[in-house]
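One structure below.
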Amino acid sequence: VKITHPSLYHSQWEEISVMDERNTPMRTYQVCSVMEANQNNWLRTRHISREGAQRVYIEIKFTLRDCNSLPGVSGTCKETFNMYYYESNNANLWFIKESQYVKIDTIAADESFTQVDVGDRVLKLNTEVRDISNLSKKGFYLAFQDLGACIALVSVRVFYKKCPLTVRNLAQFPDTITGGETALVEVHGVCVNASEEFEPPKMYCSADGGWLVPIGRCVCKPGFEENKDICQPCRPGTYKASATDAYCTKCPPHSSSPHEQAMECICEKGFYRAETDPRSMACTRPPSAPENPISSVNETCVTLEWSPPRDTGGRGDITYSLHCRKCSGEGKKCAPCGSSVHFVPRQFGLSSASVLITDLQPDSNYTFTIESQNGVSDLSPTLRGTVVINVTTSQTGENQVSHVVLKERRSKDSVTLAWQGPERPNGAIVEYEVIYYEKNQREQNYTVLKTRSNMMTVDGLKPGTTYVFRVRARTDGGYGTYGGEIELETSHEGKKKIVENATTHFCFRHCGYIKAKQDPDEEKMQFQHGRGSRTYIHPHTYEDPNQAVRDFAKEIDASNIRIERVIGAGEFGEVCSGRLRVQGKREIYVAIKSLKAGYSDKQRRDFLSEASIMGQFDHPNIIRLEGVVTKCKPVMIITEFMENGSLDTFLKKHDGQFTVIQLVGMLRGVASGMKYLSDMSYVHRDLAARNILVNSNLVCKVSDFGLSRVLEDDPEAAYTTRGGKIPIRWTAPEAIAYRKFTSASDVWSYGIVMWEVISYGERPYWEMSNQDVIKAIDEGYRLPAPMDCPVVLHQLMLDCWEKGRSDRPKFGQIVTILDKLIRNPASLRELANSSAWSDPPTPEFSVSTVDDWLDTIKMGQYKENFSSAGYVSLDSILYISMGVTLAGHQKKILSSVQSLQTQGTHVQV
Numbered sequence: 001v002k003i004t005h006p007s008l009y010h011s012q013w014e015e016i017s018v019m020d021e022r023n024t025p026m027r028t029y030q031v032c033s034v035m036e037a038n039q040n041n042w043l044r045t046r047h048i049s050r051e052g053a054q055r056v057y058i059e060i061k062f063t064l065r066d067c068n069s070l071p072g073v074s075g076t077c078k079e080t081f082n083m084y085y086y087e088s089n090n091a092n093l094w095f096i097k098e099s100q101y102v103k104i105d106t107i108a109a110d111e112s113f114t115q116v117d118v119g120d121r122v123l124k125l126n127t128e129v130r131d132i133s134n135l136s137k138k139g140f141y142l143a144f145q146d147l148g149a150c151i152a153l154v155s156v157r158v159f160y161k162k163c164p165l166t167v168r169n170l171a172q173f174p175d176t177i178t179g180g181e182t183a184l185v186e187v188h189g190v191c192v193n194a195s196e197e198f199e200p201p202k203m204y205c206s207a208d209g210g211w212l213v214p215i216g217r218c219v220c221k222p223g224f225e226e227n228k229d230i231c232q233p234c235r236p237g238t239y240k241a242s243a244t245d246a247y248c249t250k251c252p253p254h255s256s257s258p259h260e261q262a263m264e265c266i267c268e269k270g271f272y273r274a275e276t277d278p279r280s281m282a283c284t285r286p287p288s289a290p291e292n293p294i295s296s297v298n299e300t301c302v303t304l305e306w307s308p309p310r311d312t313g314g315r316g317d318i319t320y321s322l323h324c325r326k327c328s329g330e331g332k333k334c335a336p337c338g339s340s341v342h343f344v345p346r347q348f349g350l351s352s353a354s355v356l357i358t359d360l361q362p363d364s365n366y367t368f369t370i371e372s373q374n375g376v377s378d379l380s381p382t383l384r385g386t387v388v389i390n391v392t393t394s395q396t397g398e399n400q401v402s403h404v405v406l407k408e409r410r411s412k413d414s415v416t417l418a419w420q421g422p423e424r425p426n427g428a429i430v431e432y433e434v435i436y437y438e439k440n441q442r443e444q445n446y447t448v449l450k451t452r453s454n455m456m457t458v459d460g461l462k463p464g465t466t467y468v469f470r471v472r473a474r475t476d477g478g479y480g481t482y483g484g485e486i487e488l489e490t491s492h493e494g495k496k497k498i499v500e501n502a503t504t505h506f507c508f509r510h511c512g513y514i515k516a517k518q519d520p521d522e523e524k525m526q527f528q529h530g531r532g533s534r535t536y537i538h539p540h541t542y543e544d545p546n547q548a549v550r551d552f553a554k555e556i557d558a559s560n561i562r563i564e565r566v567i568g569a570g571e572f573g574e575v576c577s578g579r580l581r582v583q584g585k586r587e588i589y590v591a592i593k594s595l596k597a598g599y600s601d602k603q604r605r606d607f608l609s610e611a612s613i614m615g616q617f618d619h620p621n622i623i624r625l626e627g628v629v630t631k632c633k634p635v636m637i638i639t640e641f642m643e644n645g646s647l648d649t650f651l652k653k654h655d656g657q658f659t660v661i662q663l664v665g666m667l668r669g670v671a672s673g674m675k676y677l678s679d680m681s682y683v684h685r686d687l688a689a690r691n692i693l694v695n696s697n698l699v700c701k702v703s704d705f706g707l708s709r710v711l712e713d714d715p716e717a718a719y720t721t722r723g724g725k726i727p728i729r730w731t732a733p734e735a736i737a738y739r740k741f742t743s744a745s746d747v748w749s750y751g752i753v754m755w756e757v758i759s760y761g762e763r764p765y766w767e768m769s770n771q772d773v774i775k776a777i778d779e780g781y782r783l784p785a786p787m788d789c790p791v792v793l794h795q796l797m798l799d800c801w802e803k804g805r806s807d808r809p810k811f812g813q814i815v816t817i818l819d820k821l822i823r824n825p826a827s828l829r830e831l832a833n834s835s836a837w838s839d840p841p842t843p844e845f846s847v848s849t850v851d852d853w854l855d856t857i858k859m860g861q862y863k864e865n866f867s868s869a870g871y872v873s874l875d876s877i878l879y880i881s882m883g884v885t886l887a888g889h890q891k892k893i894l895s896s897v898q899s900l901q902t903q904g905t906h907v908q909v
């Protein structure tokens with residue numbers, strides 16, 4: 001800093017060169033007019049440009065003479081001087097009035113010197129730093145005022161702070177000058193090479209020159225991956241299809257990327273990737289031909305069956321199509337069969353390896369070509385895999401039924417049909433077969449009924465729906481052809497009435513699906529479409545459990561699912577997170593449960609039964625089913641993704657970090673979901689914090705809708721499912737003793753969930769065994785209030801734990817109570833006196849060291865903290881005063897210390 005002192009001022013400052021202790025020349029400005037009173041000596045710098053800084057720092061180094069070492073200067077000698085500044089856009093000011101300056105501070109020395117010190121060459125240099133804030137003009141002048149001190153100004157350094165150039169999350173942030181006193185400067189980053197914005201990147205430059213936590217990020221473009229704050233091209237043999245993918249991935253089988261920067265891998269010759277296939281999927285090829293075709297002829301009907309192709313081409317979406325040709329003249333002349341021949345369930349796009357073909361001509365030759373296809377068959381120029389089978393129909397009589405008519409007035413869900421038998425039957429008529437299906441839905445769902453009468457009442461139909469009915473007769477010689485079809489629409493009004501016909505016998509072919517007929521005497525649950533009422537249907541009431549899945553769960557194409565990472569293990573296999581592409585919408589994050597390989601039919605049925613249950617629910621506090629994948633392996637259940645995982649684990653991670661109102665809000669969500677389930681007559685039977693999931697907005701949702709609950713004769717006496725035990729400590733006493741699971745037993749479990757939430761995931765009944773828990777509850781013991789638990793919440797827990805089922809509140813009442821508490825937070829101020837940590841009815845267990853004590857109260861992560869702070873004996877922790885950061889952990893440790901104080905450090909804890 002250049003310093004000047006214009007002659008206008010009366011100034012005793014002198015520029016003097018001296019030697020420091022290393023004999024190095026050093027220029028100083030000195031003044032020592034201590035003998036005369038009323039000194040006013042000024043020293044001023046030239047104009048200093050602030051270079052855009054709003055806050056600058058001034059570091060001065062100086063020496064100052066001790067007045068006591070100067071004889072005869074009492075009253076005139078000073079040991080301080082003043083520092084001023086004047087802000088100006090003019091860089092050439094010659095004169096500034098004294099009154100125009102703004103005072104920065106009065107500067108005093110920490111170390112002063114005497115004449116002896118100088119002689120001994122001991123230089124006591126003082127360093128002081130001051131700052132000026134909120135500068136706005138081009139620059140400023142500094143001035144130093146001496147009022148009678150003996151001082152040498154050694155150096156003046158003026159500087160400002162800035163946040164240095166840096167790269168965070170692939171965004172570059174430039175050198176940035178800090179703001180005013182505490183102002184943060186918002187800086188927007190620029191994406192580095194080959195990257196693009198995912199969320200706008202920005203950071204804040206703090207007043208002390210440090211960058212605060214970055215917000216937003218850039219991601220490497222397709223074909224590039226991140227490496228040490230830059231994006232580098234994918235190497236040959238790898239690819240990256242999406243900017244949101246983290247890293248380049250090895251090319252899937254039967255594909256390659258010969259060059260760098262590949263966004264997808266090119267399929268090898270003869271292999272293909274369908275348009276809907278994810279880029280991560282292996283390239284595949286068309287399947288080989290179906291194998292082992294066999295036919296079964298029943299006069300003019302033929303059943304064809306075959307084995308799947310030996311080579312599926314690497315895909316699971318195998319379908320079959322049939323081509324029919326009628327031949328004459330010993331097969332030399334063949335022509336397409338035409339529309340008179342019918343294929344059940346369909347002619348093209350069959351998923352099963354069998355088909356029923358009807359309405360063929362008797363005593364005729366037919367050639368059927370069975371073609372196997374998959375998702376890439378249309379992309380291959382080569383011939384597809386086909387197999388040919390020749391069939392000859394047999395001679396038949398005139399068994400055709402005619403004149404199907406509506407016998408009676410149709411109702412909301414039934415119609416009555418009548419028909420005339422064949423005029424010239426080929427033998428005695430054994431029975432009639434009626435096939436019907438919804439109009440335009442024949443290929444998806446049809447039903448076959450049989451009767452010995454020439455009339456039939458068909459019930460269980462949908463109101464206001466058009467159905468197609470066809471009838472044929474069977475004699476000892478076989479089936480005749482179907483007679484003319486009739487279309488009938490059920491009425492829109494009228495109450496449901498089940499019509500029974502003693503002469504009607506039902507038979508369902510395996511190639512079609514119908515809903516299970518329910519025994520009216522069997523205790524069951526069913527949908528009731530009335531005024532707002534809807535009741536849960538148990539999947540086991542279906543004769544075909546697969547139909548339950550089709551009724552309640554949406555089938556999802558596996559190509560729309562992208563699995564990203566494994567997040568856990570479920571009862572039947574891995575649980576992953578990933579993304580689901582929904583047509584017409586943006587991708588959504590989902591959780592994916594998959595059925596592990598080698599499963600049995602029963603395991604598959606049990607696995608999908610959860611989807612059959614979940615798909616019936618639609619509530620913001622019930623985990624939402626997105627759909628299932630059943631047409632290819634692995635079989636999957638797709639649900640919404642809950643970012644914060646299970647409630648018990650989430651609370652343990654955030655011990656003591658929520659307000660009581662927030663906790664009550666979580667409990668209110670769980671209660672609302674359970675009220676919905678209770679209203680649908682669904683009993684959960686495994687309600688616990690581990691089965692509640694939490695999303696990013698802290699919304700709690702009930703999950704885990706498995707069906708199997710078995711009481712084992714093990715020492716723990718715990719209910720189990722395949723895959724894990726359900727501890728006794730969550731289960732109502734009547735459910736333990738008599739297996740009486742009701743909504744009231746779910747209310748008991750809800751009370752335990754309340755206790756878990758308020759105690760931030762503490763284990764109910766601590767380390768008591770299951771047998772001790774059963775005994776204690778039977779004797780009237782109930783869990784005490786957790787720490788800082790409001791009285792009203794503990795009372796609600798106790799109400800949920802009433803021994804009599806009828807004495808417990810309903811979930812609707814619980815929701816109402818919690819709503820009132822949320823609207824009136826003052827009602828939560830009164831806290832219960834008891835402590836969950838000091839009053840367990842558990843057998844005593846001893847601890848002899850601090851490490852044992854911390855393990856016992858599940859605070860083992862603080863062992864090193866206690867040891868390094870000198871707390872090595874139980875006596876020492878009675879006077880503990882060290883800090884633990886989490887409030888919940890502090891309370892738990894201090895409560896346990898109080899327990900030690902009351903019991904003594906050498907007795908049972």
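According to full-length UniProt numbering, the sequence shown holds residues 1 to 909 in order.
C-beta: ideal position from N, C-alpha, C; glycine also.
Count the other CB atoms, across all protein chains shown, that sit within 10 Å of the CB of residue i; report buried if there are 16 or more and exposed otherwise.
i	result
Y239	buried
Y437	buried
R474	buried
D413	buried
A671	buried
S411	buried
P336	exposed
H794	buried
P715	Note that P715 has pLDDT 37, beneath the 50 cutoff, so the model's placement of it is unreliable and no number is given.
Look at the alpha carbon of residue i and the alpha carbon of residue j, and state the distance between them as a whole number of angstroms.
i	j	result
P201	T178	19 Å
A732	S749	7 Å
F113	T80	14 Å
F159	A149	27 Å
A832	D788	7 Å
A183	M83	25 Å
S769	E779	15 Å
D855	A262	53 Å
L651	A171	34 Å
S288	V391	23 Å
G673	L625	15 Å
Y432	T481	11 Å
H529	S612	Only weak support is given to the placement of H529: the predicted model assigns it a pLDDT of 32, under 50, and the value that follows is read from those uncertain coordinates. If I take the Cα positions, the gap works out to 19 Å.
E199	R217	5 Å
Which whole-angstrom value describes the C-beta separation of residue i and residue j, a residue pair presumed to lie in contact below a C-beta threshold of 8 Å?
i	j	result
M26	V154	7 Å
Y141	T45	6 Å
S340	D359	6 Å
L698	L818	The pair is not a contact, with the Cβ atoms about 15 Å apart (cut-off 8 Å).
M614	K701	Rounded, the Cβ-Cβ distance is 11 Å, inconsistent with contact.
P252	C265	6 Å
So which of the options has the shortest CA-CA distance to residue i?
i	options	result
R65	C77, I132, G780	C77
E226	G210, C248, I563	C248
N695	F705, H654, I623	I623
**OP:** Mind the definition here: the segment 283 to 298 touches the segment 602 to 619 only if three or more C-beta pairs lie below 8 Å; say whether that holds.
**Re:** Cβ pair count under 8 Å is below three, so no.
**OP:** Check whether the segment 183 to 193 touches the segment 77 to 89, counting contact only when three or more Cβ pairs, one atom from each stretch, lie closer than 8 Å.
**Re:** No, the segment 183 to 193 does not touch the segment 77 to 89.
Original post:
Counting pairs of beta carbons, one from the segment 809 to 827 and one from the segment 739 to 748, are three or more of them closer than 8 Å?
Top reply: Pairwise C-beta distances place the segment 809 to 827 in contact with the segment 739 to 748, as three or more of them are shorter than 8 Å.
Original post:
On the three-pair Cβ rule with 8 Å, is the segment 589 to 602 touching the segment 647 to 656?
Top reply: No, the segment 589 to 602 is not in contact with the segment 647 to 656.
**OP:** Please determine if the segment 625 to 639 and the segment 547 to 556 are in contact, where contact requires at least 3 C-beta pairs separated by less than 8 Å.
**Re:** Taking a cut-off of 8 Å on C-beta distances, the segment 625 to 639 touches the segment 547 to 556, as three or more cross pairs fall below it.
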